[in-house]
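Inspection log for the structure reproduced underneath, given as structure tokens.
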Amino acid sequence: MFATGVSRVASGMCRLAPRAPRAGLAGLAGSGCTSLRWKSAVSAVVAAMPTDPEAYVTNKLAMFDAMQFTPIRESTVSREMTQRYMSEMLEYAETDVVIVGAGSAGLSCAYELTKHPDIKVAILEQNVAPGGGCWLGGQLMSSMVVRKPADEFLDEIEVPYDDQGDYVVVKHAALFMSSLLRKALLAPNVKLFNAVAVEDLLVRQEAESVAVRGVVTNWSLVTQNHDTQSCMDPQVMEAKVVVTATGHDGPMGASSAKRLESLGALPAGLPGMGALDMNTAEDAVVQMTSEVVPGLIFAGMEVAEARGCNRMGPTFGAMLLSGQKAANLAIQALKRG
Numbered sequence: 001m002f003a004t005g006v007s008r009v010a011s012g013m014c015r016l017a018p019r020a021p022r023a024g025l026a027g028l029a030g031s032g033c034t035s036l037r038w039k040s041a042v043s044a045v046v047a048a049m050p051t052d053p054e055a056y057v058t059n060k061l062a063m064f065d066a067m068q069f070t071p072i073r074e075s076t077v078s079r080e081m082t083q084r085y086m087s088e089m090l091e092y093a094e095t096d097v098v099i100v101g102a103g104s105a106g107l108s109c110a111y112e113l114t115k116h117p118d119i120k121v122a123i124l125e126q127n128v129a130p131g132g133g134c135w136l137g138g139q140l141m142s143s144m145v146v147r148k149p150a151d152e153f154l155d156e157i158e159v160p161y162d163d164q165g166d167y168v169v170v171k172h173a174a175l176f177m178s179s180l181l182r183k184a185l186l187a188p189n190v191k192l193f194n195a196v197a198v199e200d201l202l203v204r205q206e207a208e209s210v211a212v213r214g215v216v217t218n219w220s221l222v223t224q225n226h227d228t229q230s231c232m233d234p235q236v237m238e239a240k241v242v243v244t245a246t247g248h249d250g251p252m253g254a255s256s257a258k259r260l261e262s263l264g265a266l267p268a269g270l271p272g273m274g275a276l277d278m279n280t281a282e283d284a285v286v287q288m289t290s291e292v293v294p295g296l297i298f299a300g301m302e303v304a305e306a307r308g309c310n311r312m313g314p315t316f317g318a319m320l321l322s323g324q325k326a327a328n329l330a331i332q333a334l335k336r337g
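What follows is the structure, given as structure tokens:
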């Protein structure tokens with residue numbers, strides 16, 4: 001039995017032709033099926049799939065056997081990464097909104113701000129991988145439970161779910177997080193700096209209160225080694241508004257709240273989050289998402305740490321809506337000047 005193969009023609013393009021399995025792309029070997037010829041070959045093979053799935057697989061494998069990447073120099077890769085990253089660091093040395101923490105609350109805030117393309121947004125995440133604890137549900141299980149009305153946010157970012165009446169279930173939390181990341185990072189006004197830690201707040205004494213006007217940053221690997229090395233000074237990113245959504249777990253959890261307490265801008269003795277009470281906790285976290293001092297907004301579980309709210313456990317609706325609320329509070333603060 002012969003399958004539909006792909007052969008080169010005099011024009012340099014690729015077309016379908018009857019050939020034996022896997023041998024059908026032999027004419028592409030050596031010179032490789034790159035650029036327009038590769039695209040034409042792919043289009044032809046895909047077009048054949050509905051009528052002959054077996055031929056589709058055979059020819060797709062043959063195409064990969066014949067494929068060659070376009071050659072470039074290794075130094076080109078280094079220059080592209082360095083030039084673009086350093087350019088972004090220069091651009092975001094002064095920005096409108098800095099979001100500390102790229103978990104579910106921080107990224108929901110960033111997504112909401114994509115609706116305002118005139119607002120420049122920098123997201124700072126200490127981990128290499130953004131997403132916080134939202135790649136899994138509770139106890140390392142995969143499904144994600146979201147109580148209504150936060151399902152409307154899932155609809156907005158086009159995440160499918162199983163509707164269970166009072167709540168919905170996303171089949172894997174990673175589906176939600178990857179969708180949210182994509183929506184936020186596609187926006188031209190949003191930049192994610194991952195593997196960057198916020199070591200301190202930039203504060204000013206304005207009128208009768210402390211105001212936050214930026215953050216002090218460093219590479220995360222440097223931050224983790226201050227005890228072993230000396231003189232590894234940070235940098236500063238000035239911002240008109242800082243949204244802090246650093247969560248509650250780990251050494252960086254509720255870091256901004258702890259710093260404000262040490263400065264006397266918050267009462268001594270942070271209450272910390274209360275015991276688990278889901279139905280109380282989610283309402284309280286959203287309601288208490290607020291600008292705590294001029295220029296600094298608490299969002300997500302950092303609200304619970306600073307205000308003493310209960311924790312809600314593995315349900316995520318409050319994180320999404322707290323992030324959205326924080327974004328709109330930031331817009332208000334920007335208008336206030």
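Residues 1 to 337, numbered by UniProt numbering, are exactly what the sequence shown covers, in order.
Glycine is no exception: its CB is placed at the ideal position from the N, C-alpha and C atoms.
_Exposure label - C231; buried when at least 16 CB within 10 Å_ = exposed
*Determine, using beta-carbon pairs with one atom in the region 92-104 and one in the region 63-78, whether at least three such pairs fall under 8 Å.*
no
*Using a threshold of 8 Å, state whether the C-beta atoms of V198 and V169 are closer than that.*
no
*Taking the C-alpha atoms as reference points, what is the distance between V242 and K171?*
33 Å
_Using a 10 Å radius around the Cβ and a threshold of 16 neighbouring Cβ atoms, would you call K115 buried or exposed?_
exposed
*Taking the C-alpha atoms as reference points, what is the distance between S75 and M86?*
16 Å
*From P298 to G165, what does the alpha carbon distance come to, in whole angstroms?*
It should be pointed out that residue 298 corresponds to Phe in this sequence rather than to Pro. Roughly 31 Å separates the two Cα atoms.
_Where L107 falls, given that 16 or more other Cβ within 10 Å makes a residue buried_ = buried
_Quick check: the region 189-203 against the region 121-130, are at least 3 beta-carbon pairs closer than 8 Å?_
yes
*Look up N59 in the DSSP assignment and say whether it is helix, strand or coil.*
helix
*Start-to-end residues for the alpha helix (DSSP H) that takes in V159*: Per DSSP, V159 belongs to no alpha helix (DSSP H) and is neither H nor E.
*Can at least three beta-carbon pairs, one atom from the region 315-328 and one from the region 140-157, be found at a separation below 8 Å?*
yes
*Between Q324 and S104, what straight-line distance do the alpha-carbon atoms span, to the nearest angstrom?*
10 Å
*asked:* Using CA atoms only, rank isn't needed, just tell me which of G295, D283, M301 is closest to M273.
replied: M301
*Start and end of the alpha helix (DSSP H) containing I331?*
317-336
_Given a cut-off of 8 Å on the beta-carbon distance, is the pair P314 and V203 in contact?_
no
*asked:* So, under 8 Å CB-CB, V190 and V121 are touching, yes? Tell me the CB distance rounded to an integer number of Å.
replied: 5 Å
*asked:* Judging by CA-CA distance, which residue of K240, M288, A281 is the nearest neighbour of Q332?
replied: K240
_Range of the contiguous beta strand (DSSP E) that encloses K191_ = 190-194
*Give the C-beta separation of L296 and V236 to the nearest angstrom, bearing in mind that I take them to be a contact with Cβ-Cβ under 8 Å.*
Actually they do not touch by this definition, with Cβ atoms about 15 Å apart.
*Under the three-state reduction of DSSP, which class applies to M144: helix, strand or coil?*
strand
_If I measure Cβ to Cβ from S209 and keep anything under 8 Å in the same chain, skipping five residues before and after, which residues do I get?_
A265, V293, P294
*Which word fits M312, buried or exposed, when buried means at least 16 other C-beta atoms lie within 10 angstroms of its C-beta?*
buried
*L136: which of K148, S178, V100 sits nearest, CA to CA?*
S178
*For A184, which residues of its own chain have a beta-carbon under 7 Å away from its beta-carbon, when the five flanking residues on both sides are left out?*
L107, A110, Y111, T114, V190
*Quick one: Cα of A254 to Cα of P267, how far?*
15 Å
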